[in-house]
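Chemist:
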Amino acid sequence: SDSKTKHEYQSDVARLRKIVIESLYSHREVFLRELISNANDAIEKLRLTALKDKTIWDGVAPLNITLKLHKDSDEDTGRLVITDTGIGMSPQELSANLGTLAKSGTSEFLAKADSSSSSGNLIGAFGLGFYASFLVADKVYVASLPPATPANPNPEQHVFSSSSDEPSFEVYKDPRGNTLGRGTEITLILKKDALEYTDEENVKKLVSKHSGFASSFPIYLFTSKVEEQPIPQDDMDAPAEEKVETPKSDDEEMTLEDTTEKPAESAEVKMRNVTVEEWVHLNDQPPLWQRDAKEVTDDEYKNFYKATFKQYADPVLWHHFKGDSGPVSFKALIYVPESLPEDYWQSPLAASQDTRLMVKRVLITSDFGEHKLPKWISWAKVLIDADDLPLNVSRETLQNNRFLKQIKNIVVTQFIKAMTKISEEDPERYTNILKNYNHVLKLGVIETAVEGKSGNRDKLAALTRWDTTLRKNISLQEYIDSRKEGQTQIYFLANIGQSTENMRHSVFVEKLMARGYEVILMTDTMDEIFVGNLRTYGSMRFQDAAKKGLEYGDEDKEKEKAEMDKFKEDYKPLVSFFVNSTKEAIKDVVISNRLVTSPCAIVVDSFGYSANMEKLLASHGK
Ligand code: ADP
Ligand code: MG
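In full-length UniProt numbering, the protein residues as written are 25 to 646.
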């Protein structure tokens, strides 16, 4: 309809806008990053939709983002206009996407903003998206035109408008008609104190700081400057001021060519002022992953990660490498987030994957189907850019192609390589990383064992770290390297959820400790499964200190046997008394040389479940 419809914001949106406007003033420049990232998302969406439905984009019409700045110094007003040629929004989408809070990140922001006095830093921690516009604008107009489709052959351009000081927004048919070919144009009527965003140099700097790499599509800034130029001889009567606007082009920057002929030496040269306007390509650098790793700074890697994967904390590790998969060569980046996704342990299988496959810098898919990363590493943020795959390769073709499977294997191998390197070069940083990732490495060992890829399994086991009766955070190799002479087993004691301090006083470790042996203390639910899967490391068997089969390695076999035989003989009546009176509950009663100060211990035989495993299985209802 032609009439304007007025809507009240949901109360959450109204609250959010208020918080944004009031408390995030000092971070307000992020509005541009948010708008560019939305424009980029919209173009990406158009392109991905067009892979299936060619009618919405012919593959030729330019995909780009343009910025135009206007300043009226007389009136002290200014505007910033950002336009994209993306998927656009219908009037319903305008009000649903911009007038409601659909985004979980935003609700999370609200929760935090309520409980924290310094929401100033939060804008960095949460993407506020479109609402960040109100940091710099009194009024915002969003004009949008979705592509024509068979279902909607004649879409009409609509406008969403809203003022920062009103708790409502309007959606109406654009009185100018369909001025956009397709896409969205956002006009910010800048606040009086935000006129710095009409300054070309300022905006150029901002784009390269925040969003140069947040867009894989070209960003153009419309610039104009007044230049003095000689007046061509045959044009002497032309007015002294002339406006020349050069067309914008996708792949090349157009500048006004000076085609005027050089005036003859002798002739008197007359000059006039010409306004030269041109589209300047702002993000013409190759994308970060295409650059030489040696030339990329840590800050660039971090900023790229946050902008690309919409993360708010710095990554704890990244790995940038070139790879080859048969005839296909590619560049890749793997990032390790600061922490695991919150729901990771509830449903590691369902955990969302962020593995992006690009071909020649263009996103093809983030769905690896059956070749997605194993669950232990499903949290990794990965970007792969292949050089030689056909651009229009379909997902089905990819699935059948060995490429995705190879990529998966290469990512896993390269992650292990990067972790191994950091563990050797910077153990302190490594320990820090492992605070959140030791568990997943163990899960990796378990999962890989099932797949039977022993190569990666042992490398993953080597990356795990353990607390022992003597030390903290040691590797299995360190354990083995400092074993005592004659020690043939890797001793461990498992007790889920116990403190390692208590475990050091366990009856099961006392004889081992008395002999100066180190015992690995396992307190994680996964540890026994880990050991059960791995069984040996570096050709030594894992031995549960609470189970049969414990060997000390330094036994004087002859002497001990004689002693034991004597004990057995002497205590025969006592043992048979115990056996007879505990028949129901206990499998056997034996004389042991395992204890030092405790009179007795209940143990499980080497094939039985330990008390700990029983607990675990009971909790899983087995
Ligand atoms: P987010 O980008 O995290 O979803 P935003 O607040 O930035 O949150 O944007 C909200 C929604 O508005 C987007 O998800 C998208 O559907 C829509 N949107 C915003 N900007 C554009 C645009 N330039 N073109 C098309 N849709 C857009
Ligand atoms: Mg956004």
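Cβ coordinates follow ideal geometry from the N, Cα and C atoms, glycine included. Since the structure is predicted, the reported quantities are computational estimates derived from the model, not experimental observations.
Using a Cβ-based criterion (distance less than 6 Å to any ligand heavy atom), does Met-113 qualify as near ligand 1?
Modeler: Position 89 of the sequence shown, counting from 1, holds the residue named residue 113. Within the cutoff, so yes.
Chemist: For the beta strand (DSSP E) containing Leu-212, name the first residue and the last one.
Modeler: Here the question's residue 212 lines up with position 188 in the sequence shown. It spans 207 to 214 - the beta strand (DSSP E) in which Leu-212 sits, taken as one unbroken run.
Chemist: Cβ of Gly-110 versus every heavy atom of ligand 1: is any distance shorter than 6 Å?
Modeler: For this step, residue 110 is matched to residue 86 along the sequence shown. Flag set: Cβ of Gly-110 near ligand 1.
Chemist: Leaving out the 5 sequence neighbours to the left and right, which residues in its chain are closer than 6 Å to Gly-207 when beta-carbon positions are compared?
Modeler: Indexing the sequence shown from 1 puts residue 207 at position 183. If we look at Gly-207 and ignore the five residues flanking it on each side, its Cβ neighbours are Asp-108, Thr-109, Gly-110 and Gly-112.
Chemist: Would you say Leu-70 reaches chain C, if we count a Cβ-Cβ gap shorter than 7 Å as a contact?
Modeler: You won't find chain C in this structure, because it holds only one protein chain.
Chemist: CA-CA distance, Lys-429 and Lys-355?
Modeler: Residue mapping note: residue 429 aligns to position 405 of the sequence shown, counting from 1. Residue mapping note: residue 355 aligns to position 331 of the sequence shown, counting from 1. Cα to Cα, Lys-429 sits roughly 16 Å from Lys-355.
Chemist: Are at least three pairs of beta-carbons, each pair with one atom in the region 448 to 468 and one in the region 499 to 512, less than 8 Å apart?
Modeler: No, they do not touch.
Chemist: With a threshold of 8 Å, are at least 3 pairs of Cβ atoms found where one atom belongs to the region 169 to 188 and the other to the region 76 to 95?
Modeler: The region 169 to 188, when compared against the region 76 to 95, does touch it at the 8 Å Cβ threshold.
Chemist: Would you check whether ligand 1 has a heavy atom nearer than 6 Å to the C-beta of Gly-153?
Modeler: Locating residue 153 in the sequence shown gives position 129, where the first residue counts as 1. Because some heavy atom of ligand 1 lies under 6 Å away, the Cβ of Gly-153 counts as near it: yes.
Chemist: Counting C-beta neighbours from all protein chains within 10 Å, is the total for Gly-645 16 or more, i.e. buried, or is it exposed?
Modeler: Within the sequence shown, residue 645 is the residue found at index 621, counting from 1. Legend: pLDDT at Gly-645 = 42, less than 50; position of this residue unreliable, no value from coordinates given.
Chemist: Closer than 6 Å to a non-hydrogen atom of ligand 2 - does that hold for the CB of Asp-62?
Modeler: By 1-based counting over the sequence shown, the position of residue 62 is 38. Asp is not the amino acid found at residue 62; the sequence shown has Asn there. Within the cutoff, so yes.
Chemist: Pull up the distance between the alpha-carbon of Lys-286 and that of Ile-89, whole angstroms please.
Modeler: Position 262 of the sequence shown, counted from the first residue, corresponds to residue 286. Position 65 of the sequence shown, counted from the first residue, corresponds to residue 89. The pLDDT assigned to Lys-286 is 46, lower than 50, so where the model puts this residue is not dependable; a value taken from the coordinates is nonetheless given after this. Each residue's Cα considered, the two are about 37 Å apart.
Chemist: If you pair each beta-carbon of the region 516 to 530 with each one of the region 553 to 573, do three or more pairs fall below 8 Å?
Modeler: Flag = yes, the region 516 to 530 and the region 553 to 573 touch.
Chemist: For Thr-124, count neighbouring Cβ atoms within 10 angstroms of its own Cβ and tell me buried if that reaches 16, exposed if not.
Modeler: One-based indexing of the sequence shown puts residue 124 at position 100. Exposed, by the Cβ-count rule.
Chemist: What residues in its chain sit with their C-beta under 6 Å from that of Asp-589, if we drop five residues either side in the sequence?
Modeler: The sequence position of residue 589 within the sequence shown is 565, counting from 1. Result list for Asp-589: empty, nothing under 6 Å.
Chemist: Quick one: Cα of Thr-29 to Cα of Ile-431, how far?
Modeler: Position 5 of the sequence shown, counting from 1, holds the residue named residue 29. Position 407 of the sequence shown, counting from 1, holds the residue named residue 431. Cα to Cα, the separation comes out at about 51 Å.
Chemist: From the DSSP secondary-structure annotation, give me the bridge partner or partners of Asp-108.
Modeler: Within the sequence shown, the letter at position 84 stands for residue 108. Answer by DSSP bridge pairing, in chain order: Ile-89 and Thr-208.
Chemist: Under DSSP, the alpha helix (DSSP H) around Gly-350 begins and ends at which residues?
Modeler: As a working mapping, residue 350 is identified with position 326 in the sequence shown. Careful: Gly-350 lies outside any alpha helix (DSSP H) and carries neither H nor E.
Chemist: Should Thr-560 be labelled buried (16 or more other beta-carbon atoms within 10 Å of its own) or exposed?
Modeler: Along the sequence shown, one-based indexing puts residue 560 at 536. Exposed is the call here.
Chemist: Please report the straight-line C-alpha distance between Asp-274 and Lys-229, rounded to a whole angstrom.
Modeler: Sequence index remark: in the sequence shown, residue 274 carries index 250 (1-based). Sequence index remark: in the sequence shown, residue 229 carries index 205 (1-based). Low per-residue confidence applies at Asp-274: pLDDT is 45, beneath 50, and the placement is therefore not dependable, though the value from the model is reported in the following sentence. Taking the straight line from one Cα to the other gives about 21 Å.
Chemist: Can you list, in chain order, the residues of its chain whose CB lies under 6 Å from that of Glu-194, leaving out five sequence neighbours each side?
Modeler: Working through the sequence shown from its first residue, we reach residue 194 at position 170. Cβ within range, chain order: Lys-28, Lys-30 and Ser-185.
Chemist: Note down the Cα distance separating Thr-549 from His-343, rounded to an integer number of angstroms.
Modeler: The sequence position of residue 549 within the sequence shown is 525, counting from 1. The sequence position of residue 343 within the sequence shown is 319, counting from 1. Answer to the nearest angstrom: the Cα atoms are 30 Å apart.
Chemist: I need the DSSP call for residue 682, collapsed to helix, strand or coil.
Modeler: Since the first residue shown for the chain is 25 and the last is 646, residue 682 is missing from the structure and cannot be characterised.
Chemist: Beta-carbon within less than 8 Å of Pro-597's beta-carbon, same chain only, minus the 5 sequence neighbours each way: which residues are those?
Modeler: For this step, residue 597 is matched to residue 573 along the sequence shown. Once the five neighbours on either side are set aside, Pro-597 has no close Cβ partner at all.
Chemist: Using CA atoms only, rank isn't needed, just tell me which of Lys-611, Val-533 and Phe-591 is closest to Leu-574.
Modeler: In the sequence shown, the residue the question calls residue 574 occupies position 550. Looking at the Cα atoms, Val-533 is the closest of the given residues.
Chemist: Would you say Arg-559 touches ligand 3, meaning its beta carbon is less than 6 Å from a heavy atom?
Modeler: With respect to small molecules bound, the structure shown includes ligand 1 and ligand 2 and not ligand 3.
Chemist: In the structure shown, what three-state DSSP assignment does Ile-614 receive?
Modeler: One-based indexing of the sequence shown puts residue 614 at position 590. The amino acid at residue 614 is misidentified as Ile; the sequence shows Val. Note: Val-614 maps to coil in three-state DSSP.
Chemist: With a CB to CB cut of under 7 Å and the five nearest residues on each side skipped, what residues in its chain are close to Gln-335?
Modeler: Position 311 of the sequence shown, counting from 1, holds the residue named residue 335. Closer than 7 Å at the Cβ level, and outside the excluded window around Gln-335, lie Tyr-329 and Pro-361.
Chemist: As a quick exercise: from Phe-345, Val-298, Pro-311 and Asp-308, pick the residue whose alpha carbon is nearest that of Ala-317.
Modeler: Start at 1 with the first residue of the sequence shown, and residue 317 comes out as number 293. Checking every option, the nearest Cα to that of Ala-317 belongs to Phe-345.
Chemist: Given a cut-off of 7 Å on the beta-carbon distance, is the pair Arg-489 and Asn-480 in contact?
Modeler: Numbered from its first residue, the sequence shown carries residue 489 at position 465. Numbered from its first residue, the sequence shown carries residue 480 at position 456. No. Outside cutoff.
Chemist: In or out: Phe-601 buried (at least 16 other Cβ within 10 Å) or exposed?
Modeler: Against the sequence shown, residue 601 aligns to sequence position 577. Exposed.
Chemist: In this structure, how does DSSP classify Met-537 when only helix, strand and coil are distinguished?
Modeler: By 1-based counting over the sequence shown, the position of residue 537 is 513. Of the three classes helix, strand and coil, the one that applies to Met-537 here is helix, per DSSP.
Chemist: For the alpha helix (DSSP H) holding Tyr-329, just list the boundary residues, first then last.
Modeler: Within the sequence shown, the letter at position 305 stands for residue 329. Looking at the DSSP string, the run of the alpha helix (DSSP H) that includes Tyr-329 is 322 to 332.
Chemist: Please report the distance separating the alpha-carbon of Val-340 from that of Leu-397.
Modeler: As a first step, residue 340 must be located in the sequence shown, where it is residue number 316. As a first step, residue 397 must be located in the sequence shown, where it is residue number 373. Taking the straight line from one Cα to the other gives about 19 Å.
Chemist: To the nearest angstrom, how far is the alpha carbon of Val-160 from that of Thr-299?
Modeler: Sequence index remark: in the sequence shown, residue 160 carries index 136 (1-based). Sequence index remark: in the sequence shown, residue 299 carries index 275 (1-based). Approximately 28 Å between the Cα atoms of the pair.
Chemist: Leaving aside the five residues before and after Lys-69 along the sequence, list all residues of the same chain whose C-beta is less than 6 Å from its C-beta, in chain order.
Modeler: The residue labelled residue 69 in the question sits at position 45 within the sequence shown. Counting only Cβ-Cβ distances below 6 Å, and skipping sequence neighbours, we find Ile-111.
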